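Numbering of the sequence shown is given in our numbering, commencing with residue 10 and proceeding in unit increments. Backbone N, C-alpha and C define an ideal beta-carbon position, used for all residues, glycine too. For clarity, every value in this text was computed on a predicted model and none was experimentally measured. The next block holds one structure in the form of structure tokens; read it before the comments.
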Amino acid sequence: MWKASTSGGSTGMPKLIWENRSSLIDPTAPLELLRMQVDDVMLHPAAAYHNASFSQTNWALCFGSHVLLMERFDAAEWLRLVEHHHVRWAYLVPTMMSRILALPDDVRQAADVCSLEVVIHMAAPCPPWVKQAWIDWIGPEKIWEIYAGTEGFGATMIDGVEWLAHPGSVGRAPAGTKIRDDEGNVLPVGEIGTVWFRAPAGNPLGHGNEPQTYGDMGTSPTAGPT
10 MWKASTSGGS TGMPKLIWEN RSSLIDPTAP LELLRMQVDD VMLHPAAAYH NASFSQTNWA
70 LCFGSHVLLM ERFDAAEWLR LVEHHHVRWA YLVPTMMSRI LALPDDVRQA ADVCSLEVVI
130 HMAAPCPPWV KQAWIDWIGP EKIWEIYAGT EGFGATMIDG VEWLAHPGSV GRAPAGTKIR
190 DDEGNVLPVG EIGTVWFRAP AGNPLGHGNE PQTYGDMGTS PTAGPT
């Protein structure tokens with residue numbers, strides 16, 4: 010085990026999720042999947058103890074990208090960094106996207122964000138109006154959404170072009186995805202239920218068996234009990 014990511018978004022219960030595979034990774038794997046480039050310029054404003062932040066930053070550093078980390082998120086500072094460093098690839102969560110949109114129009118419109126080619130958002134549902142506003146601002150081909158979990162069971166991905174054709178979608182389901190009811194029965198197409206993912210080669214990430222990975226894991230100096 011070389012990595013233990015914190016999570017709780019899918020269950021509401023804080024937990025650690027172990028990375029049980031070898032720490033040797035193929036650094037080029039995300040190039041096509043996440044639209045990264047060698048010698049890229051990435052801006053990551055989210056906390057590095059979350060899996061998306063850590064993994065994306067780790068991959069970028071492996072193939073020589075320039076990574077900008079923010080000690081704390083500030084909407085105006087985010088715009089300044091994009092313009093000053095000619096950021097091409099950026100990660101955001103919907104709350105951050107909303108705060109950037111909430112800046113005065115003259116501040117946001119004065120910022121030069123033409124270097125941005127990929128803006129990936131995940132970690133929470135994105136309000137349709139927020140997504141539409143970003144699409145209108147920087148272009149649908151640059152906005153990407155990932156629907157996934159830290160456990161690594163499965164994921165979907167969709168760009169703004171496809172989203173405009175299918176508003177509300179988070180992308181095409183991978184093989185093995187099922188929609189089940191509360192009793193675990195598979196539901197037909199069109200019914201509402203719980204999404205069940207199954208990774209083709211098993212689950213590369215998982216919860217540790219130790220009791221401390223569930224429930225009380227200690228106390229954070231800033232967040233209190235976790």
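### Message
Am I right that Leu-43 and Ile-129 are in contact with their C-beta atoms under 8 Å? What's the rounded C-beta distance?
### Response
Taking the sequence shown and counting its residues from 1, the one referred to as residue 43 is at position 34. Taking the sequence shown and counting its residues from 1, the one referred to as residue 129 is at position 120. Indeed they touch by this definition, with Cβ atoms about 7 Å apart.
### Task
Apply the 10 Å Cβ neighbour rule to Arg-97 and answer buried if 16 or more other Cβ atoms are within range, or exposed otherwise.
One-based indexing of the sequence shown puts residue 97 at position 88. So Arg-97 counts as buried.
### Query
Quick one: what's got a C-beta closer than 6 Å to Gly-224's C-beta in the same chain, skipping five residues either side?
Locating residue 224 in the sequence shown gives position 215, where the first residue counts as 1. Summary for Gly-224: the model assigns pLDDT 39, below 50, so the residue's position carries little reliability, and this model does not support an answer.
### Inter-stretch contact (C-beta, 8 Å, three-pair minimum) for the segment 130-144 and the segment 97-114
yes
### Task
Round the Cβ separation of Val-122 and Ile-147 to the nearest angstrom and send it over; I've been treating them as touching at under 8 Å.
The residue labelled residue 122 in the question sits at position 113 within the sequence shown. The residue labelled residue 147 in the question sits at position 138 within the sequence shown. About 6 Å separates the two Cβ atoms, so the contact holds.
### Task
Give the range of the alpha helix (DSSP H) segment to which Arg-189 is assigned.
As a working note, residue 189 is residue 180 in the sequence shown. Careful: Arg-189 lies outside any alpha helix (DSSP H), inside the beta strand (DSSP E) at 187-189.
### Query
What are the boundary residues of the alpha helix (DSSP H) that Val-91 is part of?
Sequence index remark: in the sequence shown, residue 91 carries index 82 (1-based). Going by DSSP, Val-91 is part of the alpha helix (DSSP H) stretching over 84-94.
### Query
Considering only the beta carbon of each residue, do Met-45 and Ala-61 sit closer than 9 Å?
The residue given as residue 45 occupies position 36 in the sequence shown. The residue given as residue 61 occupies position 52 in the sequence shown. No, these two residues do not count as a Cβ contact at 9 Å.
### Task
Name the residue from Val-116, Trp-205, Ala-99, His-59 whose alpha carbon lies nearest to the alpha carbon of Ala-182.
In the sequence shown, the residue the question calls residue 182 occupies position 173. When each option's Cα is compared against that of Ala-182, the closest is Trp-205.
### Task
Classify Glu-150 as helix, strand or coil using the three-state DSSP reduction.
Against the sequence shown, residue 150 aligns to sequence position 141. Three-state DSSP puts Glu-150 in a helix.
### Query
Out of curiosity, what's the CA-to-CA distance linking Val-91 and Leu-125?
Here residue 91 refers to the residue found at position 82 of the sequence shown. Here residue 125 refers to the residue found at position 116 of the sequence shown. The straight-line gap from Cα to Cα measures roughly 8 Å.
### Query
Should Asp-190 be labelled buried (16 or more other beta-carbon atoms within 10 Å of its own) or exposed?
One-based indexing of the sequence shown puts residue 190 at position 181. It is exposed - the Cβ of Asp-190 has fewer than 16 other Cβ atoms within 10 Å.
### Task
Going by CA-CA distance only, name the one from Arg-81, Ala-120, Ala-111, Leu-78 that's closest to His-93.
As a first step, residue 93 must be located in the sequence shown, where it is residue number 84. Of the listed residues, the one whose Cα sits closest to His-93 is Ala-120.
### Query
Is the beta carbon of Ala-133 sitting closer than 9 Å to the one on Ala-111?
For the purposes of this step, residue 133 is taken as residue 124 along the sequence shown, with counting starting at 1. For the purposes of this step, residue 111 is taken as residue 102 along the sequence shown, with counting starting at 1. In this structure, Ala-111 does not lie closer than 9 Å to Ala-133 by Cβ.
### Message
At the level of alpha carbons, what is the spacing between Pro-54 and Trp-172?
### Response
Walking along the sequence shown from the start, residue 54 turns up at place 45. Walking along the sequence shown from the start, residue 172 turns up at place 163. Taking the straight line from one Cα to the other gives about 24 Å.
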